[in-house]
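The opening residue of the sequence shown carries number 148 in the numbering used here; numbering runs sequentially from there.
Read through the structure below, which is laid out as structure tokens, and then see the notes.
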Amino acid sequence: QTLPETPVPAQRIVAVVAALTLAATPTFWSQAIIAEVYALHTLFVVLILWLALQSGERVWAGQLLAVTLGLGLAHHVTTILLVPAVVVYVIIRLGRPVTINVISIIQYGLLAMIPLLLYFYLPIIAPFTPYAQLPLSQTQTLTLYDNSVSGFVDHVSANAFRGDLQPAAVGVERIELVGQLLRRQVGWAGIILAIAGLIVLWRRRKFDLLALTGLALGAVVGFNLIYFIGDVFVLFIPAWLIVCIWLAVGILGLVHWLADRFVRAKIGSEDSVIFHRLRRQLWRNAYQTIMLVLPLFFFALPLLLVAANLSEVRQDETTQVRDRWLEILAEPLPERAVLLSNDRNEIMPMWYYQYVEQRRPDLQGLFPLITPDPAYAHIAGVLDQALLSGRPVYLIKPMDGLSLKADLTPAGTLFQVTPLDLPPRFESRQKLPDITVALPDGESTESISLVGYDISPASSRAGDTVEITLYWHVDQDLQIDYTSYVHLVAPDGTGLAQSDHRPGGDFYPSSDWQIGETLRDKHTLTLPADLPDGVYPLRAGMYFQPEPGLIVGMGSGVEVGALTVKTPASQG
Numbered sequence: 148q149t150l151p152e153t154p155v156p157a158q159r160i161v162a163v164v165a166a167l168t169l170a171a172t173p174t175f176w177s178q179a180i181i182a183e184v185y186a187l188h189t190l191f192v193v194l195i196l197w198l199a200l201q202s203g204e205r206v207w208a209g210q211l212l213a214v215t216l217g218l219g220l221a222h223h224v225t226t227i228l229l230v231p232a233v234v235v236y237v238i239i240r241l242g243r244p245v246t247i248n249v250i251s252i253i254q255y256g257l258l259a260m261i262p263l264l265l266y267f268y269l270p271i272i273a274p275f276t277p278y279a280q281l282p283l284s285q286t287q288t289l290t291l292y293d294n295s296v297s298g299f300v301d302h303v304s305a306n307a308f309r310g311d312l313q314p315a316a317v318g319v320e321r322i323e324l325v326g327q328l329l330r331r332q333v334g335w336a337g338i339i340l341a342i343a344g345l346i347v348l349w350r351r352r353k354f355d356l357l358a359l360t361g362l363a364l365g366a367v368v369g370f371n372l373i374y375f376i377g378d379v380f381v382l383f384i385p386a387w388l389i390v391c392i393w394l395a396v397g398i399l400g401l402v403h404w405l406a407d408r409f410v411r412a413k414i415g416s417e418d419s420v421i422f423h424r425l426r427r428q429l430w431r432n433a434y435q436t437i438m439l440v441l442p443l444f445f446f447a448l449p450l451l452l453v454a455a456n457l458s459e460v461r462q463d464e465t466t467q468v469r470d471r472w473l474e475i476l477a478e479p480l481p482e483r484a485v486l487l488s489n490d491r492n493e494i495m496p497m498w499y500y501q502y503v504e505q506r507r508p509d510l511q512g513l514f515p516l517i518t519p520d521p522a523y524a525h526i527a528g529v530l531d532q533a534l535l536s537g538r539p540v541y542l543i544k545p546m547d548g549l550s551l552k553a554d555l556t557p558a559g560t561l562f563q564v565t566p567l568d569l570p571p572r573f574e575s576r577q578k579l580p581d582i583t584v585a586l587p588d589g590e591s592t593e594s595i596s597l598v599g600y601d602i603s604p605a606s607s608r609a610g611d612t613v614e615i616t617l618y619w620h621v622d623q624d625l626q627i628d629y630t631s632y633v634h635l636v637a638p639d640g641t642g643l644a645q646s647d648h649r650p651g652g653d654f655y656p657s658s659d660w661q662i663g664e665t666l667r668d669k670h671t672l673t674l675p676a677d678l679p680d681g682v683y684p685l686r687a688g689m690y691f692q693p694e695p696g697l698i699v700g701m702g703s704g705v706e707v708g709a710l711t712v713k714t715p716a717s718q719g
């Protein structure tokens, strides 16, 4: 539609180049070779865009477009992002004021709703699905699918993911992410060609096509900017599809411009007497030859992408997941053990072995958000629920931050988890001074209480290593990932040794801590080798760094006892 004067074979060659470019982008390629939804979702996006182009001339295309939109929605709810672009495109193509035809709206609405009837398979199959409900204990049942009217509505509307929509959290770094992902897909060459395609569409006054593709891309990117999930990059695939469409227009426009310039240069001014005759003569040779040959050079783009991405996405020799789970299942795990990970993808292979190969069906795998229940919102909550069940609990990988909540003991290639049951040796109920922190949506006044500590050993020698364990009680929600510290100080306040770290690490930072918890925070101090005998105070506290070099603390900390340092002679 944009360059109708170009030869059809050239258009097809360029289309193949664009299709191969999309196929070679790392994100689409990686999703197309695994059991995921995004490659099929991309097919629905292609069909919707193509049928939208046909709908202005063929009634059947408009009807099939409605059905395809419904089928796309039944497959992935983000299909709805394309609806505004399609509507605006149809209005522009009409070229006249839109009159509301209630009958047509009802007809097309019904056509779109027909595929949505597929959702009613869920309540039919749910009673026969072994993992729709998973018993964890006599009093705990994980409901992965609530076979009720409200559960059905929540599932269809993806209600469990609404908490990940965070418009207020969008910043410059999020916008920069889009640019980084785009460069990762098609490189600067692809970006330049896509921009050229936009210029061609604009100069050709193809405002309908600009609206269709531009609004669709804008809706997809805009949604992904505010959708904060770990693998949001896969949701950009429809945007990269549109970029490849623009890229195709850019290639065709560039080749047409070069071929046309060449022909004009050879035959002289368009106003010459022989121009039209020569143009007709050259159309079948020089111009068409150039239009057929030049696009072939652009196959270099997908070939370069294949060369760059093949080693990253190829799966023919990827056996780590299989090998790891065979290793886990070979462990002498007790009956009905519960296996934990913070990553759903690390647990799901176990379901394959359980439900397909019938290996260890007694085991239970848990991960955050396995159900919409807030108790399972993060790995620490999952750990609490697993321990509450009374079943043996294991981590399938190291997650050191969880030592705040439980004892972690190596058990073969796993880590056995047992509850904390020892109270602090020394009680010290002290509330740290309040601190006011600036947040994107306002200010927060925060604090935390120290309820006890352990010192082991209480009496040491210079050069020894001493373990100080702090017990924090969470009085309120914390919005900041704080750093805790223990400092050994001289009587005059001079620092002698210190330990600073972020309690909970990446797995359970302070911003995830729950009100009412008491958490164990272990620090290790190495005493200076030349430290004289004496009794040295220990101070503990928390702080955060809003920017490099700036430390904001909860006051100056609190005293947590003292450490006695003696030489061997004085100890004797």
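For glycine and all other residues, C-beta sits at the position ideal for the given N, C-alpha and C.
Check	Outcome
Would you mind giving the Cβ-Cβ distance between GLY400 and ALA341, rounded to the nearest angstrom? I have them listed as a contact below 8 Å.	Actually they are not in contact, since the Cβ atoms of GLY400 and ALA341 sit about 11 Å apart, beyond 8 Å.
Less than 6 Å between C-beta atoms, sequence neighbours within five positions excluded: which residues of the same chain meet that for LEU281?	LEU289
Of the choices GLN158, PRO519, LEU516, ILE698, whose alpha-carbon is the least far from that of VAL402?	GLN158
Secondary structure at TYR121, three-state DSSP: helix, strand or coil?	Residue coverage of the chain in this structure runs from 148 to 719, which leaves residue 121 outside it and unanswerable.
Kindly list the residues whose CB is nearer than 8 Å to the CB of VAL317, restricted to its own chain and excluding five residues on each side of it in sequence; keep chain order.	LEU372, ILE373
Just reading off the alpha helix (DSSP H) that GLY548 is part of, what are its end residues?	Where GLY548 is concerned, there is no enclosing alpha helix (DSSP H), given that its DSSP letter is neither H nor E.
How is GLN718 classed by DSSP in three states: helix, strand or coil?	In this predicted model, GLN718 has a pLDDT of only 49, less than 50, meaning its place in the structure is not dependable enough to derive any value.
Looking only at its chain, what residues have a beta carbon closer than 8 Å to the beta carbon of GLY688, apart from the 5 residues adjacent to it on each side?	LEU579, SER631, TYR632, GLY700, MET701, GLY702, SER703, GLY704, VAL705
What number of angstroms, rounded off, separates the C-alpha of ARG351 from the C-alpha of VAL214?	31 Å
Within a Cβ cutoff of 7 Å, which residues of the same chain sit near LYS713, ignoring the five residues on either side of it in sequence?	SER606, ARG608, ASP680
Less than 8 Å between the beta carbons of ILE389 and LEU364, yes or no?	yes
For the stretch 551–633, which segments carrying the beta strand (DSSP E) assignment without a break, of at least 3 residues, lie completely within its bounds, in sequence order?	553–558, 561–566, 573–578, 582–586, 589–593, 596–603, 612–620
Can you check the stretch 384–414 for any beta strand (DSSP E) of at least 3 residues that lies completely inside it and give the ranges in chain order?	none
Ignore the nearest five residues each way along the sequence and tell me which others in PHE267's own chain have a CB closer than 7 Å to its CB.	none
If contact is defined by three or more beta carbon pairs under 8 Å, each pair taking one atom from either stretch, is the stretch 482–489 in contact with the stretch 535–555?	yes
Would PHE383 and VAL164 qualify as a contact pair, given that the criterion is a beta-carbon distance under 8 Å?	no
What is the DSSP secondary structure of ALA709, reduced to helix, strand or coil?	strand
Using alpha carbons as the reference points, say which of THR665, LEU283, TYR629 lies closest to LEU535.	LEU283
Could you have a look at ASP301 and say whether DSSP puts it in helix, strand or coil?	helix
How would you call LYS380, buried or exposed, if buried means at least 16 neighbouring beta carbons within 10 angstroms?	Rather than Lys, the amino acid found at residue 380 in this sequence is Phe. PHE380 is buried by the Cβ-count criterion.
Could you tell me how far apart the beta carbons of ALA553 and LEU530 are, in whole angstroms, since I believe they sit closer than 8 Å?	6 Å
Assign ASP668 to one of two classes, buried (16 or more other C-beta atoms within 10 Å of its C-beta) or exposed (fewer than that).	buried
My output table needs one value for ARG469: the three-state DSSP class, helix, strand or coil.	helix
Specify the secondary structure class of ILE272 as computed by DSSP and reduced to three states.	helix
Taking all protein chains shown into account, do 16 or more other C-beta atoms lie within 10 angstroms of the C-beta of TYR618, making it buried, or fewer, making it exposed?	buried
Specify whether the stretch 446–454 and the stretch 164–173 touch according to this definition: at least 3 beta carbon pairs, one from each stretch, less than 8 Å apart.	yes
I'd like to confirm the pairing. Which residues does DSSP put opposite PRO684 in its beta bridges?	ALA709
Only counting runs of 4 or more residues, tell me where the alpha helix (DSSP H) segments fall wholly within the stretch 231–266, in order along the chain.	249–260
Which same chain residues end up closer than 8 Å to GLY217 when comparing Cβ atoms and leaving out the 5 residues on each side of it in sequence?	LEU258, ALA259, MET260, ILE261, PRO262, LEU263
Under a Cβ-count criterion, where at least 16 other Cβ atoms within 10 Å of its own Cβ denotes burial, should MET495 be classed as buried or exposed?	exposed
Could you round the C-beta distance between MET438 and PRO154 to whole angstroms and report it? I think they count as a contact, below 8 Å.	5 Å
Quick one: which unbroken alpha helix (DSSP H) runs of 4-plus residues sit fully inside the stretch 302–369? Chain order, please.	319–350
What is the DSSP secondary structure of THR172, reduced to helix, strand or coil?	coil
Tell me the rounded alpha-carbon separation between ALA477 and LEU510.	13 Å
Quick one: using the 10 Å Cβ neighbour count with 16 as the cut-off for buried, is PHE275 buried or exposed?	exposed
What number of angstroms, rounded off, separates the C-alpha of GLY326 from the C-alpha of GLN210?	37 Å
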